[in-house]
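Scroll down for the structure; my scribbles are underneath it.
Numbering (UniProt numbering), first residue to last: 1 to 128.
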């Protein structure tokens, strides 16, 4: 027997707004019962595979960096995904891409939560 991750919880100043941003970034949908001003919002894992993302308002946040997500492009390249996420409003924090194609890019969502964009599975396979 083992434990499985049910959800990743994200402390947020405005759960609905931040969940809406991540819904666009991850191509997920908010639950039907989530509305502006709610103290929490959920992005369910597609087809029930993987953990849900739960955005909660906790009053006083415990601090930046309590968690972060690593994401990769479902299609295309890391660089295309970085550009897409920046177009959605993410900001560049640190560029750790290396000349050989390895590495990652650190971005921040609209509330300043940092996350990393890694190479896609296709990019990793091509360099193996």
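We put the CB at the ideal spot given by N, CA and C, even for glycine.
Predicted model, so just to flag it, every value in this text is computed and none were measured.
Taking the alpha carbon of residue 9 as the point to measure from, which residue in 40, 103 and 47 has its own alpha carbon closest?
Taking the first residue of the chain shown as position 1, residue 9 is located at position 9. Considering only alpha carbons, the answer is 40.
Between which residues of its own chain and residue 101 is the CB-CB distance below 8 Å, once the five residues before and five after are set aside?
As a first step, residue 101 is located in the chain shown; it is residue number 101 there, counting from the start. Once the five neighbours on either side are set aside, the close Cβ partners of residue 101 are 119, 123 and 127.
Where residue 121 and residue 70 are concerned, what is the direct C-alpha to C-alpha distance, given to the nearest angstrom?
By 1-based counting over the chain shown, the position of residue 121 is 121. By 1-based counting over the chain shown, the position of residue 70 is 70. One C-alpha to the other measures close to 13 Å.
Can you tell me whether residue 92 is buried or exposed? The criterion is at least 16 other CB atoms within 10 Å of its CB, across all chains shown.
Working through the chain shown from its first residue, we reach residue 92 at position 92. Exposed, since its Cβ has fewer than 16 Cβ neighbours within 10 Å.
If we ignore side chains and look at the alpha-carbon of each, how far apart do residue 14 and residue 110 end up?
Translated into the one-based positions of the chain shown, residue 14 becomes position 14. Translated into the one-based positions of the chain shown, residue 110 becomes position 110. Distance between the alpha carbons of residue 14 and residue 110: 11 Å.
Enumerate, from N- to C-terminal direction, the unbroken beta strand (DSSP E) stretches of 3 or more residues contained entirely within the UniProt domain "VOC" (4-120).
7-11, 40-43, 52-56, 70-72, 91-95, 105-108 and 114-118
My output table needs one value for residue 128: the three-state DSSP class, helix, strand or coil.
Indexing the chain shown from 1 puts residue 128 at position 128. In the structure shown, residue 128 sits in coil (DSSP, three-state: anything other than H, G, I, E or B).
Would you report the Cα separation of residue 117 and residue 87, rounded to the nearest angstrom?
As a position in the chain shown, residue 117 is number 117, starting the count at 1. As a position in the chain shown, residue 87 is number 87, starting the count at 1. Residue 117 and residue 87 have their C-alpha atoms some 14 Å from each other.
Exposed or buried, residue 24, counting other C-beta atoms within 10 Å across all chains shown (16 or more means buried)?
One-based indexing of the chain shown puts residue 24 at position 24. Only exposed fits residue 24, as fewer than 16 other CB atoms lie within 10 angstroms of its CB.
Would you report the Cα separation of residue 55 and residue 44, rounded to the nearest angstrom?
Within the chain shown, residue 55 is the residue found at index 55, counting from 1. Within the chain shown, residue 44 is the residue found at index 44, counting from 1. Looking at the two C-alpha atoms, the distance is approximately 11 Å.
Around the C-beta of residue 125, are 16 or more other C-beta atoms found within 10 angstroms, so that it is buried, or is it exposed?
Counted from its first residue, the chain shown places residue 125 at position 125. Its Cβ having fewer than 16 others within 10 Å, residue 125 is exposed.
For residue 16, which residues from the same chain have a beta carbon less than 8 Å from its beta carbon, with the 5 sequence-adjacent residues on both sides left out?
Numbered from its first residue, the chain shown carries residue 16 at position 16. 30, 34, 35, 36, 37, 38, 41 and 55.
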